[in-house]
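At position 9 of the sequence shown (counting the first as 1) the number is 12 in this note's numbering, and the numbers step up by one without a gap.
Ideal Cβ positions, reconstructed from N, Cα and C, are used throughout, including at glycine.
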Amino acid sequence: MDLLLLITIGFIIIGFVVLASMKKDMESKVASIKLNMEEEENSSKAKSVVWWIWSTTAWGIVSLFLVVWCFHHYFG
């Protein structure tokens, strides 16, 4: 098995497992922010949710790039 394919599959699977494991925590943070709109601790919770969204987006973009690179490497 080629190293590029192994890195791509590993990156996608590990990223998906991490995102799935953090999903419930982020949902509870968003629910807490909605309930307590005026508290100070909400800003740190909101920042962590925003960072999670940004990191999920970055993971998706890198995953797409790796898949396209694999297809180009094997079939291009």
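Check                                                                                                                     : Outcome
Closest by C-alpha distance to N45, when choosing among V53, V52 and I36                                                  : I36
Unbroken alpha helix (DSSP H) run spanning E30, endpoints                                                                 : L6 to L38
Chain-order list of residues whose beta-carbon lies under 8 Å from that of W72 (same chain, five-residue window excluded) : L7 and T11
Candidates W55, A34 and S47, of which the one nearest A23 by Cα                                                           : W55
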